[in-house]
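One structure is given below, encoded as structure tokens.
There are 2 protein chains.
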Amino acid sequence: MKVDTNDIIQELRRVGLRATPQRCTILQAIKQLNNHPTADEILEYIHKKQPNVAVGTVYNTLDTLVSSGLLKRVKTDSGSMRYDGILHHHHHLYCSRCGKIMDYNDADLDELLNDFFSKKGIQNFSIQGIRLDFHGHCTSKQQTEKS
Amino acid sequence: MKVDTNDIIQELRRVGLRATPQRCTILQAIKQLNNHPTADEILEYIHKKQPNVAVGTVYNTLDTLVSSGLLKRVKTDSGSMRYDGILHHHHHLYCSRCGKIMDYNDADLDELLNDFFSKKGIQNFSIQGIRLDFHGHCTSKQQTEKS
DNA sequence: CTCACTGCAAAGGTTTTGCAGTGGG
DNA sequence: CCCACTGCAAAACCTTTGCAGTGAG
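Chains as they are written, first to last, in this note's numbering: chain A, 1 to 147; chain B, 1001 to 1147.
Right under this line is the structure:
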């Protein structure tokens, strides 16, 4: 995914953050990787271009970006946190074979769920958002055969 | 939730595990707590009755129980892992105010989703299970918890 | 120029591991 | 009895924090 540095700078300023080189690099990295990376994967990716970015800075920056709404955390059941640079509403496909987390968009599905819960609701709970986790495995290309 | 120790022992044996006192206590604790506890919360709860259970044992046992299918991990976007002793299919309500994770069962919803995806499917992905995360907050004054 | 931000390293929290000893089957 | 399991403590992660120095606005 091609991401323009100027867009990144604008995005940072829009939420009232200083556009430091580190923040630009980190935000750009997540958008380019586009793969729900861990802090460590981000660090590794960044170090190829800018070896002088500190670990603490990456974590601090990620927290800042999440607080400012420029990033989202992705829920996992493994040890370390993952980050998502795609802000619009979407769901996730968790592949049990390759471990990847892929994005899934479906307006029909969202409409179906909205209809369902606007009628029914949930007792003692006010719904603000619904996210679906699909568990399974990818079937593209080399993995077409069954186990 | 009342949980019979003999049932726990049977459950452990059924999957081919030795029914050690530690494993019984840990599995029973999770089922009694019924609150998606962290390893630390489990340890604290257990220590009231059996102070001689080691931290390492709790983690090892939790891993073992998950591998054997007697427990599930719960996805979170916070630092530490949570565990679920309820094995049948269900969804989770994440309360942004009290931080609790509650269970949600809905056969109509599951049927709706099954219908939707059995017709449609997802390109390049074989669905094995769908879990919904509801984000929002609880609206009950006091909860008559029961499941 | 100034203060929010960074680098660095140490500390903090959670989970894993190594090993000698124990008890469940 | 024997070996899978435990206790204990150290180590390995992952993330946060403190502080002096720096550069974005």
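A virtual CB, placed ideally from N, CA and C, is assigned to each residue, including glycine.
Residue 64 (chain A) has a beta carbon lying at 7 Å or more from every beta carbon in chain B.
Residues of the region 113-143 of chain A with a C-beta atom less than 7 Å from some C-beta of chain B are 116, 122, 124, 125, 126, 127, 128, 129, 130, 131, 132, 133, 134, 135, 136, 137, 138, 139 and 140, listed in chain order. Residue contact with chain A for residue 1097 (chain B): absent (no Cβ-Cβ distance below 7 Å to any residue of chain A). Using a CB distance cut-off of 7 Å, residue 73 (chain A) counts as an interface residue toward chain B. Residue contact check for residue 1038 (chain B) against chain A: no CB pair falls below 7 Å.
Residue 104 (chain A) reaches chain B at 1122, counting residues in chain order whose Cβ is nearer than 7 Å. The closest CA to that of residue 1097 (chain B), considering only B:1138, B:1060 and B:1030, is found on B:1138. In terms of Cβ geometry, residue 1068 (chain B) and residue 1015 (chain B) form a close pair [threshold 7 Å]. Of all C-beta pairs linking the region 1125-1140 of chain B to the region 123-130 of chain A, three or more are shorter than 8 Å, placing the two stretches in contact. Within the same chain, and ignoring the five residues on either side of residue 1086 (chain B) in sequence, the residues whose Cβ sits closer than 7 Å to its Cβ are 1103. Selection B:1056, B:1084, B:1022 and B:1077 evaluated against residue 1032 (chain B) yields B:1084 as nearest (Cα-Cα). DSSP, reduced to helix, strand and coil, places residue 1131 (chain B) within a strand of the structure shown. Chain-ordered listing is empty here: chain B has no CB closer than 9 Å to the CB of residue 33 (chain A), the nearest sitting near 18 Å. Closest in C-alpha terms to residue 1107 (chain B), from the list B:1094, B:1121 and B:1089, comes B:1089. For the region 16-32 of chain A, the beta-carbon criterion of a distance under 7 Å to any beta-carbon of chain B is satisfied by none of its residues. Nearest C-alpha to residue 1093 (chain B) among A:73, A:124, A:60 and A:13: A:124. Rounded to whole angstroms, the separation of the alpha carbons of residue 82 (chain A) and residue 1058 (chain B) is 26 Å. In the displayed model, residue 1078 (chain B) falls within coil according to three-state DSSP, outside both helix and strand. In this structure, residue 42 (chain A) sits away from residue 27 (chain A), with a CB-CB distance that is not shorter than 7 Å.
Leaving aside the five residues that flank residue 65 (chain A) on each side, the residues in its chain whose CB is nearer than 7 Å to its CB run, in chain order, 27 and 71.
Nearest to residue 50 (chain A) by C-alpha distance, out of A:34, A:22 and A:61, is A:22.
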